[in-house]
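In my numbering, the protein residues as written are 17 to 199.
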């Protein structure tokens, strides 16, 4: 009985330790490809190519717009060259793709965004891409649209090993039969 309780306690401890080991993933180390589309998605105006997201951020520019992709956000803002007006169209903006190592589960507009008219209705995403539609908007000096990216936590391989070991110990403990007492 004492061995069974010890095994159950060990298995529970391992399972609890494993469940807390998942870590939120960022975009760091992922590749990004930034393309500007107008007047529809699929009609490329400029493709800034593929870069790797690093702690210093990957800078991708289009005319007077500077788009920065960093660990947990995408920032599009004006450069010193001046304001920009995005023409009326079905889509006038940037699409960030090739985020193949990320699992994007949500986006939100950062409170520091100051591009008038830019809201969540202008942002769409999949697990590996984000689209920002600036159609009909105008930028001024120091204008920024900041989109925060939420990614799913991904368990590390050691976490999986501990969790499987914990389940195995629970199975052994549950299967083990108590030896009848000798009278």
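Yeah, the Cβ is synthetic: ideal placement off N, Cα and C, and Gly gets one too.
Going by DSSP, name the residue or residues bridged to residue i.
i	result
residue 89	164
residue 66	49
residue 122	166
residue 147	111, 140
residue 101	154
Hey, quick one: how far does the beta strand (DSSP E) through residue i stretch, first residue to last?
i	result
residue 142	139-142
residue 53	47-53
With respect to the alpha helix (DSSP H) encompassing residue i, which residues constitute its N-terminal and C-terminal limits?
i	result
residue 185	173-191
Are the Cβ atoms of residue i and residue j separated by less than 9 Å?
i	j	result
residue 165	residue 123	yes
residue 145	residue 126	no
residue 69	residue 48	yes
residue 148	residue 139	yes
residue 162	residue 141	no
residue 100	residue 157	no
residue 55	residue 108	yes
residue 87	residue 50	no
residue 46	residue 116	yes
- Given 8 Å as the limit, is there contact between the segment 124-136 and the segment 100-113, that is, 3 or more CB pairs closer than that? no
- Message: Closer than 8 Å is the cut-off here; do at least three beta carbon pairs connect the segment 143-157 with the segment 172-189?
- Response: no
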